[in-house]
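To keep things clear, I will list the structure first and then write my remarks on it.
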Amino acid sequence: MSDLRDPAPYDALLLLSFGGPEGPDDVVPFLQNVTRGRGIPAERLKEVGQHYFLFGGVSPINDQNRALLDALRKDFAGHGLDLPVYWGNRNWAPYLTDTLREMTRDGHRRIAVLATSAYASYSGCRQYRENLADALATLAGEGLRPPRVDKLRHYFNHPGFVRPMIEGVLASLAELPEEVRAGAHLAFTTHSIPTASADTSGPAPGHGDGGAYVRQHLDVARLIADAVREETGVAHPWRLVYQSRSGAPHIPWLEPDICDHLRALRADGAPAAVMVPIGFVSDHMEVLYDLDTEATAKAAELGLPVRRSATVGADPRFAAAVRDLLLERAATERGADAERCALGALGASHDRCPADCCPARTPRPAAAGADSPQA
Ligand SMILES: CC1=C(CCC(=O)O)c2cc3nc(cc4[nH]c(cc5[nH]c(cc1n2)c(C)c5CCC(=O)O)c(CCC(=O)O)c4C)C(CCC(=O)O)=C3C
Ligand SMILES: [Fe+2]
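For what it's worth, my numbering labels the leading residue of the sequence shown as 44, then goes sequentially.
Structure below.
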């Protein structure tokens with residue numbers, strides 16, 4: 044029997060996130076970092092820049108990550124897990140490469156990575172693995188001996204991610220006026236991505252038809268809808284919808300858009316809706332602007348009462364889930380048996396992405412996978 048608190052072989056955890064601007068002067072360089080080489084029309088960039096300026100040029104994502112770091116450190120300390128937690132981002136300071144350099148200088152040799160994206164997709168998984176490979180290559184180029192990095196598995200169906208969202212939906216339903224509550228629709232929403240990218244998300248055997256990205260979201264939506272029905276005795280109608288589309292108009296992205304969906308609900312006589320942002324880990328700009336500002340204004344214009352339910356953010360149950368994932372993986376890496384906690388129909392996700400998982404349009408080195416130069 045292995046020690047349940049033993050993090051070996053890991054000597055540190057890295058929280059890996061998207062990053063966001065911290066003031067008006069950061070907005071344009073941040074957007075340049077995000078969209079470098081990704082073919083986003085200038086029109087769209089100007090529009091997204093306005094979303095940030097509306098909030099003083101500050102993305103909420105950094106404070107959300109600081110709160111999660113605090114929650115993780117408290118959870119680890121409270122459970123006798125002595126493991127330092129670092130934070131690095133893809134698109135803004137603290138940059139991943141700087142954090143990994145610091146971790147290397149601090150003597151860390153084997154690092155577990157938690158990405159703030161719960162599902163399979165190029166943007167949510169492989170792109171982070173590419174960022175890790177780039178950072179490791181940079182460190183090697185500086186004459187440092189890069190540590191080994193392992194990315195923790197997808198947690199979309201971990202109870203520590205799903206449970207808080209179920210409670211969030213129940214709270215949002217309770218906030219709706221009583222006369223519309225029982226008929227309220229649940230609009231589960233996530234980031235739209237190109238259909239070509241969705242179709243190739245996850246390992247190849249599941250490619251096509253929206254791939255693992257759509258399948259995983261549908262599984263979470265169903266889990267939440269079922270739990271809400273059990274709790275309230277009401278089978279709220281639900282649908283998975285999408286938001287935050289970018290890219291050129293002629294390229295197909297996942298649909299329907301949340302705003303079009305709200306319009307259709309209104310036209311069909313739905314009395315109310317709860318927007319459930321299952322695709323997002325915290326209240327960042329996609330949630331504060333695209334849902335709380337744009338979609339909420341659209342609903343008001345339509346005369347459709349709506350609420351937006353909570354993301355997990357720094358919920359202590361999510362922090363505990365991260366500890367669980369880390370200790371599970373640590374045990375697996377030591378060759379021990381580990382319970383792999385997962386709700387729903389899909390089971391626990393793989394630890395190491397196979398070579399054909401969420402392929403890039405142009406193949407590039409990616410760390411922490413079967414096709415990694417470091418593997
Ligand atoms: C699947 C997915 C997630 C969810 C998983 C996860 O959480 O990682 C996510 C999260 C995020 N996306 C974010 C911001 C942006 N995403 C953009 C563009 C894009 N996102 C894409 C996908 C995703 N994105 C895609 C396919 C593009 C097109 C360009 C490309 O192929 O890369 C752009 C460019 C402008 C625009 O067109 O919107 C911005 C500014 C922020 C930070 C918010 C903040 O500051 O609070 C976060 C957390
Ligand atoms: Fe995005």
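Built from N, CA and C at the ideal position, the CB exists for glycine as well.
- prompt: How about the segment 232 to 240 and the segment 157 to 168: do they share at least three Cβ pairs that are nearer than 8 angstroms?
  reply: yes
message: Between the alpha carbons of Val239 and Pro248, how many angstroms are there, rounded?
response: Within the sequence shown, the letter at position 196 stands for residue 239. Within the sequence shown, the letter at position 205 stands for residue 248. Residue identity check: residue 239 is Ala in the sequence provided, not Val. Ala239 and Pro248: Cα-Cα distance of roughly 15 angstroms.
Proximal residues to His151 (C-beta, below 6 angstroms), its chain only, five neighbours per side dropped: On the sequence shown, residue 151 is found 108 positions in, with the first residue counted as 1. Contacts found: Asp54, Ala55, Pro190.
- request: Examine ligand 1 and report whether any of its heavy atoms sits within less than 6 angstroms of the Cβ of Val156.
  value: Taking the first residue of the sequence shown as position 1, residue 156 is located at position 113. The answer is no for Val156.
message: Tell me which residues share the same chain as Ser325 and place their Cβ nearer than 6 angstroms to its Cβ, disregarding the 5 neighbours each side in the sequence.
response: Position 282 of the sequence shown, counting from 1, holds the residue named residue 325. Closer than 6 angstroms at the Cβ level, and outside the excluded window around Ser325, lie Gln107, Thr354, Gly356.
message: Using 8 angstroms for Cβ pairs, my map puts Pro408 next to Ala176. What's the rounded Cβ distance?
response: Residue numbering aside, residue 408 sits at position 365 when the sequence shown is read from its first letter. Residue numbering aside, residue 176 sits at position 133 when the sequence shown is read from its first letter. That belief holds up - the Cβ atoms of Pro408 and Ala176 are roughly 4 angstroms apart, short of 8 angstroms.
message: Taking a contact to mean a Cβ-Cβ separation below 7 angstroms, would you say Asn200 touches Ala385 in this structure?
response: If you number the sequence shown from 1, residue 200 lands on position 157. If you number the sequence shown from 1, residue 385 lands on position 342. In this structure, Ala385 lies closer than 7 angstroms to Asn200 by Cβ.
query: According to DSSP, which residues form a beta bridge with Leu229?
result: Reading the sequence shown from its first residue, position 186 is the one you call residue 229. Per DSSP, Trp281, Val317.
- prompt: With burial defined as no fewer than 16 other Cβ atoms inside 10 Å of the residue's Cβ, what is the status of Leu368: buried or exposed?
  reply: Position 325 of the sequence shown, counted from the start, is the residue given in the question as residue 368. Counting Cβ neighbours within 10 Å, Leu368 comes out buried, since at least 16 surround it.
query: For Phe361, does the count of other Cβ atoms within 10 angstroms reach 16, so buried, or fall short, so exposed?
result: As a position in the sequence shown, residue 361 is number 318, starting the count at 1. So Phe361 counts as buried.
task: Scan the segment 335 to 404 and note each continuous beta strand (DSSP E) run of 3 residues or more that stays entirely inside, going in chain order.
output: 349 to 351
message: I'd like the span of the alpha helix (DSSP H) that includes Gly184, first residue to last.
response: For the purposes of this step, residue 184 is identified with residue 141 of the sequence shown, where counting begins at 1. That run of the alpha helix (DSSP H) goes 170 to 184.
- prompt: Residues in its own chain within less than 8 angstroms of Asp113 by CB, not counting five upstream and five downstream?
  reply: Indexing the sequence shown from 1 puts residue 113 at position 70. For Asp113, where only same-chain residues beyond five positions count, the Cβ hits under 8 angstroms are Ala357.
Tyr165, enclosing alpha helix (DSSP H) - first and last residue: Taking the sequence shown and counting its residues from 1, the one referred to as residue 165 is at position 122. Element bounds for Tyr165: n/a, residue is neither H nor E.
field: Rounded separation between Pro348 and Leu331 - CA only
entry: For the purposes of this step, residue 348 is taken as residue 305 along the sequence shown, with counting starting at 1. For the purposes of this step, residue 331 is taken as residue 288 along the sequence shown, with counting starting at 1. Whole-angstrom Cα-Cα distance: 18 angstroms.
message: Please state whether the Cβ-Cβ distance between Thr147 and Leu187 is less than 7 angstroms.
response: Within the sequence shown, residue 147 is the residue found at index 104, counting from 1. Within the sequence shown, residue 187 is the residue found at index 144, counting from 1. Yes, the pair counts as a contact, with Cβ atoms nearer than the cut-off.
field: Per-residue DSSP class, three states only, for Pro207
entry: Working through the sequence shown from its first residue, we reach residue 207 at position 164. Three-state result, Pro207: helix.
message: Please tell me whether Asp125 and Ala155 are closer than 7 angstroms, where the distance is taken between their beta carbons.
response: The residue given as residue 125 occupies position 82 in the sequence shown. The residue given as residue 155 occupies position 112 in the sequence shown. No, these two residues do not count as a Cβ contact at 7 angstroms.
Cross-strand partners of Ala55 (DSSP beta bridge): Here residue 55 refers to the residue found at position 12 of the sequence shown. Looking at the DSSP assignment, Ala55 forms a beta bridge with Ile154.
task: Report yes if the C-beta of Thr142 is less than 6 angstroms from at least one heavy atom of ligand 1; otherwise report no.
output: Here residue 142 refers to the residue found at position 99 of the sequence shown. Thr142: no, Cβ never under 6 angstroms from ligand 1.
query: Pick from Asp149, Tyr171, Gln93: whose alpha carbon is nearest that of Thr159?
result: For the purposes of this step, residue 159 is identified with residue 116 of the sequence shown, where counting begins at 1. If we check each option's Cα against that of Thr159, Tyr171 comes out closest.
message: Looking at Ala241: is its Cβ nearer than 7 angstroms to the Cβ of Gly253?
response: Here residue 241 refers to the residue found at position 198 when the sequence shown is read from its first residue. Here residue 253 refers to the residue found at position 210 when the sequence shown is read from its first residue. In this structure, Gly253 lies closer than 7 angstroms to Ala241 by Cβ.
field: Beta-carbon proximity list for Ser45, same chain, < 8 angstroms, skipping 5 on both sides
entry: In the sequence shown, the residue the question calls residue 45 occupies position 2. Summary for Ser45: the model assigns pLDDT 43, below 50, so the residue's position carries little reliability, and this model does not support an answer.
field: CA-to-CA distance, Leu97 to Gly322, given in whole angstroms
entry: Your numbering for residue 322 matches position 279 in the sequence shown. Your numbering for residue 97 matches position 54 in the sequence shown. Straight-line Cα distance between these residues: approximately 23 angstroms.
field: Gly92 in three-state terms, based on DSSP
entry: Position 49 of the sequence shown, counting from 1, holds the residue named residue 92. Looking at Gly92 - three-state DSSP - the assignment turns out to be helix.
message: Between the alpha carbons of Val70 and Leu115, how many angstroms are there, rounded?
response: The sequence position of residue 70 within the sequence shown is 27, counting from 1. The sequence position of residue 115 within the sequence shown is 72, counting from 1. The alpha-carbon atoms of Val70 and Leu115 are separated by roughly 28 angstroms.
message: Is it the case that the segment 395 to 409 contacts the segment 267 to 283, given that we only count it when at least three CB pairs across the two stretches are under 8 angstroms?
response: no
query: CA-CA distance, Ala120 and Trp296?
result: Taking the sequence shown and counting its residues from 1, one reaches residue 120 at position 77. Taking the sequence shown and counting its residues from 1, one reaches residue 296 at position 253. Taking the straight line from one Cα to the other gives about 43 angstroms.
message: Let's test the definition: count the other Cβ atoms within 10 Å of the Cβ of Ala307 and tell me whether it reaches 16, buried, or not, exposed.
response: Along the sequence shown, read from residue 1 onward, the residue named residue 307 stands at position 264. Exposed, because fewer than 16 other Cβ atoms sit within 10 Å of the Cβ of Ala307.
- request: Alpha carbon to alpha carbon, how far is Asp68 from Leu266? Give it in angstroms, no decimals.
  value: On the sequence shown, residue 266 is found 223 positions in, with the first residue counted as 1. On the sequence shown, residue 68 is found 25 positions in, with the first residue counted as 1. So the alpha carbons of these two residues sit roughly 42 angstroms apart.
message: Please tell me whether, using a cut-off of 6 angstroms, the distance from the CB of Ile104 to the nearest non-hydrogen atom of ligand 1 is below it.
response: Reading the sequence shown from its first residue, position 61 is the one you call residue 104. Yes, ligand 1 has a heavy atom inside 6 angstroms of this Cβ.
8 angstroms CB neighbourhood of Gly92 in its chain, flanking five on each side removed: Translated into positions along the sequence shown, residue 92 becomes position 49. Excluding sequence neighbours, Gly92 sits near Val70, Val71, Leu74.
task: Return yes when the Cβ of Phe204 is within less than 7 angstroms of the Cβ of Ala364, no when it is not.
output: Counted from its first residue, the sequence shown places residue 364 at position 321. Counted from its first residue, the sequence shown places residue 204 at position 161. The answer is yes: Cβ separation under 7 angstroms.
query: Buried or exposed: Val99, going by 16 or more other Cβ atoms within 10 Å of its Cβ?
result: Position 56 of the sequence shown holds residue 99. Strictly speaking, residue 99 in this sequence is Gly, with Val absent from that position. Flag for Gly99 reads exposed.
- prompt: Quick one: is Gly346 buried, meaning 16 or more other Cβ sit within 10 Å of its Cβ, or exposed?
  reply: Taking the first residue of the sequence shown as 1, we reach residue 346 at position 303. That one is exposed.
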